[in-house]
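Note that my numbering has the sequence shown beginning at 14, numbered continuously upward.
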Amino acid sequence: ITLDWGTQLLDYVAYHRDHAAGAAVPEGYFGFLKELPLAPLPGGSPAENTRVVRLLNSYQNRLAPSGTLSPDPAAAGRLYALAAAELGSTPLRDLAMYQLLSWKLDDDLPGVLAAYPTFRALNQDSAYARSLHTVLAKRVVLAVGRPAPAFSLRDNTGRVVALQDLRGKVVYLDFWGTWCPPCMKEITGFSHELKQKFEGRDVVFVYISVGDVEAKWQQVLATQHLTSPNSVHLRQPKEAQVAFDYQINAYPTYWLIGRDGRILDMQAPRPSDGPKTVAALEAALQQ
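And the structure:
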C-alpha cells in the first residue's frame, strides 16, 4: 500500500460525506491505516516530504469524519489519543493536529476554540504553536457575534457609504473583482435573481470590488446591468484595507452582517447556492 493510495482513501471520506446525505463511512473503513507505514513515515522531516504532508492533510477526514469538530473540549483529548495511536507521539501527530485546526478556522471556529487548550498542552512543535496562536487571535476578532469591521468607501456614483449607514438592515456582503471568473459567474448569473427575491425588504446587497481600476469596474457595472435599488456597489482603492480587515484570502467571499452590525456568518452561502442562501437571509431577517 502506498502513501498516495492512503491519501485517496482518506479523501474519499469527504466525498462520501458530501454525496451520501451525511451518512458515516462503514464501520471498520479506516482499517487500511494499519497497512500504511505511519509510524514513522519515510522522508525525515514531515514538512519536507510532499507525500507525507498531503496524507496528513487528508488525515483530518479520519480525525473529523463528519467534517466538524466537537464543541466539547474533552473531545480534543480523544483526537490526540487517536492520532498518537496511529502516528505515534511524534512530529507527524503534531503536524496532523496543526493542519486539522488550521483548516477548520474558517468554518468551525467554535470547534477550534474548544480544541485549542489541548493543542497548547500536547503540541511539541513551537513553530506550529506560534502560527496557530497568531492566526487564531486574528480570527477571533471576526467571530460570529463580534462587530463587523467598519468601512467607508465611495460607491459608483461617488457617494461615500459607511457600514454604519446600513444599520437596521441585513447586509449581504460580497468581496469580488471583475478579474475573477468565479466572481463574475456569481454576480452576473445568480445575484440578480437573489436581489429580486428580497426587493422591498430589509436586506441590502453590498458589493466591494477589490483590485479593480475604476474605469473597468464602472464599465462592468454598466454593461452587465448590476446596479439595483437594493444594492450598493463600492470599490476598494489601493490605499484602503477593507479586504485586509475582513481577512479575505479568496474571491468571491460572502458575509452576512445583522441589523445590529454584528457578524452572522463569515462564510455565507453564495448566490448560486439558491435555496440555502435564501434561507440564510430569511433567518438573518428574523434576528
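Just so it is clear, CB atoms sit at the ideal spot from N, CA and C, and this is done for glycine as well.
Quantities reported herein were computed from a predicted structural model and do not represent experimental measurements.
Worksheet item: Skipping 5 residues on each side, what residues in its chain have a beta carbon closer than 6 angstroms to that of residue 299?
Response: none
Discussion item. What would DSSP say about residue 266, mapped onto helix, strand or coil?
Written reply: strand
Fill in: Residue(s) in a DSSP beta bridge with residue 186
219 and 268
Discussion item. Quick check: the region 81 to 92 against the region 39 to 50, are at least 3 beta-carbon pairs closer than 8 angstroms?
Written reply: Cβ pair count under 8 angstroms is below three, so no.
Worksheet item: If you count every other CB in all the chains shown that lies within 10 Å of the CB of residue 157, and 16 or more means buried, which is it?
Response: Residue 157 should be labelled exposed.
Worksheet item: Where residue 187 and residue 50 are concerned, what is the direct C-alpha to C-alpha distance, given to the nearest angstrom?
Response: 45 angstroms
Discussion item. For the region 167 to 175 against the region 128 to 137, do three or more pairs of beta-carbon atoms, one drawn from each stretch, fall closer than 8 angstroms, so that the two count as touching?
Written reply: no
Worksheet item: Where does residue 154 fall in DSSP's three states?
Response: It is coil, neither helix nor strand.
Item to complete: Within 10 angstroms of the Cβ of residue 147, are there 16 or more other Cβ atoms? Answer buried if so, exposed if not.
Response: exposed
Practice prompt. Going by CA-CA distance only, name the one from 268, 287 and 283 that's closest to residue 184.
Written response: 268
Worksheet item: When DSSP labels each residue in this structure, what does residue 174 get in the three-state scheme?
Response: strand
Fill in: DSSP beta-bridge partners of residue 167
173
Practice prompt. Spell out a yes or no on whether the region 18 to 25 and the region 67 to 83 are touching, meaning 3 or more CB-CB pairs, one atom from each, closer than 8 angstroms.
Written response: yes
Fill in: Buried or exposed (CB count within 10 angstroms, at least 16 for buried), residue 227
exposed
Item to complete: Please determine, among 141, 284, 28 and 85, the residue with the shortest C-alpha to C-alpha distance to residue 205.
Response: 284
Worksheet item: Ends of the beta strand (DSSP E) at residue 179?
Response: Note, residue 179: premise wrong, no beta strand (DSSP E); not H, not E.
Worksheet item: If you check the beta carbons only, do residue 224 and residue 249 fall under 9 angstroms apart?
Response: Between residue 224 and residue 249, the CB-CB gap stays under 9 angstroms.
Worksheet item: Name the DSSP bridge partner or partners of residue 244?
Response: 218
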